[in-house]
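Input: a single structure, listed below in C-alpha cells.
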Amino acid sequence: MAPRQQVLYLWANGSALDSGTVAWAFHDGTDGAGPTLPDTTPPYANGVAAMRNGWMLLQSSQLTAPLPGNEHLNDYLEYEFVFERHIDIPEGSP
Amino acid sequence: MAEFVANGFIRFEAIVPEDVNERGIDEMRRLELERFGPDGLKPPHTGTPLDECYPLPSAIGEYLRLPQIRGIIESFVGVDPAFDHDFTHHLQPHSTYTQPLHVDAIIDSPDTTFDVQLFWYPHDVAPGEGGTRFVPGSHLRRVRSSGLERYQHIAGEQQFSGPAGTVVVFHHGLWHAGQPNPGDGDRWMHKVRLNPTVAQVRLWNTDDLAELQNPPSDHVFARMLPDSVAQILRTMHPWMSITDYRNEQVQRAKLWRYLTGDVTYDVDHYLTRLEGRAGLVGS
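Now the structure itself:
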C-alpha cells in the first residue's frame, strides 16, 4: 500500500475551529481511489466535525489587524482552515 | 437598484423577444468564428459609444437597441455609455470545461463608480446545464482575480438557469465562473461590458426614492423603518461572517450615497458615527 494525501480547505464564518462552514475545497491525491466528499453541500458543519471524521488540522489563518484606511474593506474569505488525511492505496495506482 | 447594490446583480426574466434570441444565436456563432479571423464580423472597438455598436442589420445590435434593454443600461451607466468589450461564451454539449471562480479585469479604482456587464442567455438554460456560477454579494470586495480560484464551493452561490431571453446585469466586481454543460444542446451566452461616461447619480426611475430613502438615524439596534432602502441593504448572504456583513453595509451605504447624491445616507449608523467623531480630534 502507498500513502496518498487528501487536502480539505474549510472557510468559516468566525475565527474558531467550530465556527460554521461557509466555503470549502477538496483536493484528492488518490485521484478517486480514496473516499470522496459531496460537491453540493458543505462536507462538514465546521472544522471540529471534520476532525471527528479523521481530518488532521494543518493550518489555520492568522488573525491580523486591518491596515489603517482598510478597516471597512473586505477581500478574501478570512477564516481559512486547512486539513489533511492520508489514504493508503494499492501500490502501482496512478 | 437597492437590490443591485446589496447583491451585485439583477435579473430580467425573458426580456428579449424570441425572434431576436434566435437570430442572436446565429450571430453569436458568426462572431465566434470570425472575431479573430482576417475578414467577417468583428466586435466594436473598445471605447465606441454604445449607439454606434453593431449597426443594423445585426441581431446583437437589435438586442442592444431594444427599449427595455436601453432602459436597463441607462439606469446603470447613463444614456451614452462606452463599449468596453463583449464576448460570446459557447459550451458544446457535454462540455466538461470548468472555469475557476474569478472577477473580470483587475482590481478597480477604490471609488464607487462601476461598470455593468450584461449576460444575455438567448435560449433556455436548465438547472445545472452550463449557466454561469456566481456569488451574490461578492461584488464590493477587493480581491485579485486569481486569488478566487481556491474557492471551489461557497454557501449561497448560484448557478444561472432560466428561460430564453433572460438578461442578468452584473456589477463588474461580482465573482463568477463558467460551468460544465452536461446537456445535449449547445449553450450560448453573450456578455458585454459597458463603461459609464457620466456620474451614475439618479439615472434610474427614482419616483419612489423619497418614500423609501431612510434617514441616517435608521439603526437596527434603535429604530428603523419597516420598508426602506436600508432594509434591502441589510441583506446578509449565507457565506458572510458578521464582520464581513457589517463591512459590506458600510460599502453598500457608500455606493448608495454615490447613486443617490445623498452624502448623509447611512445604514445602521456606521458611517455617521465615525464622521461625527472625526470632528472631535484635536478639539
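Chains as they are written, first to last, in the working numbering: chain A, 1 to 94; chain B, 1001 to 1283. Ideal placement from N, C-alpha and C gives every residue a C-beta, glycine not left out.
Contact check, residue i vs residue j, beta carbons under 8 Å
| i | j | result |
| --- | --- | --- |
| Phe1076(B) | Val1169(B) | yes |
| Val1229(B) | Leu1203(B) | no |
| Ile1025(B) | His1123(B) | yes |
| Met1284(B) | Gly1137(B) | Since the first residue of chain B shown is 1001 and the last is 1283, residue 1284(B) is not available in this structure. |
| Gly54(A) | Leu17(A) | no |
| Ala1155(B) | Ala65(A) | no |
| Ala2(A) | Glu91(A) | yes |
| Pro1216(B) | Tyr1265(B) | yes |
| Arg1257(B) | Val1250(B) | no |
| Phe1134(B) | Leu1194(B) | no |
| Thr30(A) | Ile89(A) | yes |
| Glu1003(B) | Leu1140(B) | no |
| Thr1098(B) | Leu1255(B) | no |
| Glu1062(B) | Val1020(B) | yes |
| Val1125(B) | Phe1160(B) | yes |
| Pro1043(B) | Arg1035(B) | yes |
| Leu1259(B) | Met1001(B) | yes |
Within-8 Å CB hit, residue i to chain A
| i | result |
| --- | --- |
| Ser1241(B) | yes |
| Ala1155(B) | yes |
| Pro1238(B) | yes |
| Asn1195(B) | no |
| Glu1129(B) | no |
| Glu1275(B) | no |
| Gly1178(B) | no |
| Val1168(B) | no |
| Tyr1097(B) | no |
| Val1103(B) | no |
| Glu1032(B) | no |
| Tyr1151(B) | yes |
| Val1281(B) | no |
| Asp1244(B) | yes |
| Thr1248(B) | The amino acid at residue 1248(B) is misidentified as Thr; the sequence shows Glu. For Glu1248(B), the answer is yes, since a Cβ of chain A falls inside 8 Å of its Cβ. |
| Arg1234(B) | no |
| Gln1159(B) | no |
| Arg1133(B) | no |
| Gly1165(B) | no |
| Arg1252(B) | no |
| Val1198(B) | no |
| Val1229(B) | no |
Residue-level contact to chain B via CB, residue i, 8 Å cutoff
| i | result |
| --- | --- |
| Gly14(A) | yes |
| Pro90(A) | no |
| His86(A) | no |
| Trp24(A) | yes |
| Leu77(A) | yes |
| Asp39(A) | yes |
| Tyr44(A) | no |
| Leu73(A) | yes |
Top-ranked residue by Cα proximity to residue i, from the options
| i | options | result |
| --- | --- | --- |
| Leu58(A) | Met1(A), Thr41(A), Thr30(A), Glu84(A) | Glu84(A) |
| Ala50(A) | Leu8(A), Met1(A), Arg4(A) | Leu8(A) |
| Thr1096(B) | Arg1273(B), Pro1180(B), Asp1115(B) | Pro1180(B) |
| Val1116(B) | Gly1040(B), Pro1215(B), Lys1191(B) | Lys1191(B) |
| Leu10(A) | Glu91(A), Arg4(A), His27(A) | His27(A) |
| Pro1163(B) | Arg1011(B), Lys1254(B), Ala1002(B) | Arg1011(B) |
| Ala1177(B) | Ala1199(B), Leu1194(B), Gln1200(B), Arg1150(B) | Arg1150(B) |
| Trp1261(B) | Asp1111(B), Ala1199(B), Asn1247(B), Ser1161(B) | The identity of residue 1261(B) in the sequence shown is Gly, whereas the question assumes Trp. Per the Cα distances, Ala1199(B). |
| Val1005(B) | Gly1276(B), Asp1208(B), Asn1021(B), His1172(B) | His1172(B) |
| Ser15(A) | Ser61(A), Pro68(A), Met56(A) | Ser61(A) |
| Thr1166(B) | Glu1032(B), Ile1069(B), Pro1043(B) | Ile1069(B) |
| His1045(B) | Pro1038(B), Tyr1054(B), Asp1039(B) | Tyr1054(B) |
| Met56(A) | Gly34(A), Ser19(A), Val82(A) | Val82(A) |
| Gln1158(B) | Phe1087(B), Ala1059(B), Pro1238(B) | Pro1238(B) |
| His1153(B) | Asp39(A), Ile87(A), Asn13(A), Ala33(A) | Asp39(A) |
| Leu1148(B) | Leu1101(B), Arg1065(B), Arg1277(B) | Leu1101(B) |
| Val1201(B) | Leu1056(B), Phe1114(B), Ala1278(B) | Phe1114(B) |
Partner residues on chain C for residue i, Cβ-Cβ distance less than 7 Å
| i | result |
| --- | --- |
| Arg1257(B) | Included in the structure are the protein chains A and B, with no chain C among them. |
Report the start-end ranges of each beta strand (DSSP E) in the segment 1171-1195 of chain B that is 3 residues or longer and not cut off at the edges. Fully enclosed beta strand (DSSP E) runs of 3 or longer: 1187-1195.
If contact is defined by three or more beta carbon pairs under 8 Å, each pair taking one atom from either stretch, is the segment 1094-1106 of chain B in contact with the segment 1214-1234 of chain B? Contact fails: fewer than three Cβ-Cβ distances are below 8 Å.
Would you check if the segment 1092-1103 of chain B and the segment 1044-1059 of chain B touch, i.e. whether three or more CB-CB distances between them fall below 8 Å? By the Cβ criterion, the segment 1044-1059 of chain B is not in contact with the segment 1092-1103 of chain B, since fewer than three pairs of Cβ atoms, one from each stretch, lie closer than 8 Å.
Quick one: any contact between the segment 1170-1184 of chain B and the segment 1231-1251 of chain B, if contact means 3 or more CB pairs under 8 Å? No: the two stretches stay apart, fewer than three of their Cβ pairs being nearer than 8 Å.
Sequence ranges, beta strand (DSSP E) only - wholly within the segment 1088-1121 of chain B, length at least 3: Counting only runs of at least 3 residues, the segment 1088-1121 of chain B fully encloses the following beta strand (DSSP E) elements, listed from N- to C-terminal order: 1116-1121.
Quick check: the segment 1060-1079 of chain B against the segment 1129-1145 of chain B, are at least 3 beta-carbon pairs closer than 8 Å? Contact fails: fewer than three Cβ-Cβ distances are below 8 Å.
Taking 8 Å as the cut-off, does the segment 28-45 of chain A touch the segment 72-81 of chain A (at least 3 CB pairs, one atom from each stretch)? No: fewer than three Cβ pairs fall under 8 Å.
Per the contact definition of three or more C-beta pairs closer than 8 Å, is the segment 1266-1276 of chain B in contact with the segment 1011-1025 of chain B? Under the Cβ criterion (8 Å, minimum of three pairs), the segment 1011-1025 of chain B does not count as touching the segment 1266-1276 of chain B.
If contact is defined by three or more beta carbon pairs under 8 Å, each pair taking one atom from either stretch, is the segment 59-76 of chain A in contact with the segment 1139-1153 of chain B? Inter-segment contact for the segment 1139-1153 of chain B and the segment 59-76 of chain A is present: three or more beta-carbon pairs are separated by less than 8 Å.
Pick out the complete alpha helix (DSSP H) segments inside the segment 1009-1035 of chain B, 4 residues or longer, and give them in chain order. The qualifying runs are 1018-1034.
As an exercise, report each continuous beta strand (DSSP E) stretch of at least 3 residues that is fully enclosed by the segment 51-90 of chain A, in chain order. Restricting attention to beta strand (DSSP E) runs no shorter than 3 residues, the segment 51-90 of chain A encloses them at 56-60, 79-89, ordered along the chain.
Mind pulling the alpha helix (DSSP H) runs of 4 or more residues that sit fully within the segment 1216-1280 of chain B? If we require 4 residues or more, the alpha helix (DSSP H) runs fully inside the segment 1216-1280 of chain B come out as 1229-1233, 1242-1260, 1270-1278.
Inside the segment 3-43 of chain A only - beta strand (DSSP E) runs reaching at least 3 residues: Here the runs fully enclosed are 21-28.
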